[in-house]
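First the structure, in the form of structure tokens, and then the observations on it.
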Amino acid sequence: MSQVAIVTGGTRGIGAAISTMLKDNGFTVAAIYAGNDERARRFNEETGISVYKWDVADYEACQAGCAQVATDLGPVDVLVNNAGITRDTTMHKMTHEMWQEVIDVNLGGCFNMSHAVFGGMRERKYGRIVNIGSINGQAGQYGQVNYAAAKSGIHGFTKLWHKKGRGQISP
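13 is the number of the first residue of the sequence shown in the numbering used here; add one for each residue after it.
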């Protein structure tokens, strides 16, 4: 049986390329998307990759969605946290909603998805979690204080989860 991979933001852009590459390398892939049903349908038809719709910012949706993927395709072996959004503007024009939405999707989604799959990976003593960051998390970019904060948070999150997972899900 092939390994199962989940790719968030997996039906377009970088996520679609990752999903397709994993499928081409023998993985059974679940591509997660949040919004564009027509694009996801076309992606599924063009690639044969299973698509699932949920908001990675919603903790309960991530728990339920990952459980559904495991039921449909098998235990999750690989998670690629790729989903990300921008709401670019200067700090003085940024609303609280713009700030929070980016933090919730980009950083919160990384936690929500990792938390949803980590227990099964730990039980099986195998798994891989890949978090997609950005140079803007280290260097920043004008008009992207929310995005830079989220991506910087992912950098720290990844370093800590590496310590947590080492010896539990990977060597």
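The beta-carbon is built from N, C-alpha and C at its ideal position, and this holds for glycine as well.
Here DSSP, grouped into helix, strand and coil, assigns Asp67 to coil. Rounded to whole angstroms, the gap between the alpha carbons of Met106 and Gly38 is 43 Å. Cα atoms of Asn56 and Val63: separation of roughly 6 Å, rounded to the nearest angstrom. Where Asp89 is concerned, the enclosing beta strand (DSSP E) starts and stops at Val88 to Asn93. Within the DSSP bridge table, the entry for Asn143 names Asn93 as partners. For Val114, the enclosing alpha helix (DSSP H) covers residues His108 to Val114.
Sequence-distant partners of Asn158 (beyond 5 residues in either direction) whose C-beta falls short of 7 Å from its own C-beta, in its chain, are Arg99, Met106, Met110, Trp111, Val114 and Ile115.
A direct Cα-to-Cα measurement between Gly132 and Trp66 gives close to 20 Å. Contact between Gly27 and Asn94 holds: CB atoms are separated by about 4 Å, below the 8 Å threshold.
Collapsing the DSSP output to three states places Tyr159 in a helix.
At least 7 Å separates the beta-carbon of Gly60 from that of Ala43. Between the alpha carbons of Arg134 and Ala162 lies a gap of roughly 26 Å. When the Cα atoms are used, Gly165 and Leu119 turn out to be separated by approximately 7 Å. Per DSSP, Ile61 lies in no alpha helix (DSSP H) and is assigned neither H nor E. Going by DSSP, Thr98 is part of no alpha helix (DSSP H) at all; its letter is neither H nor E.
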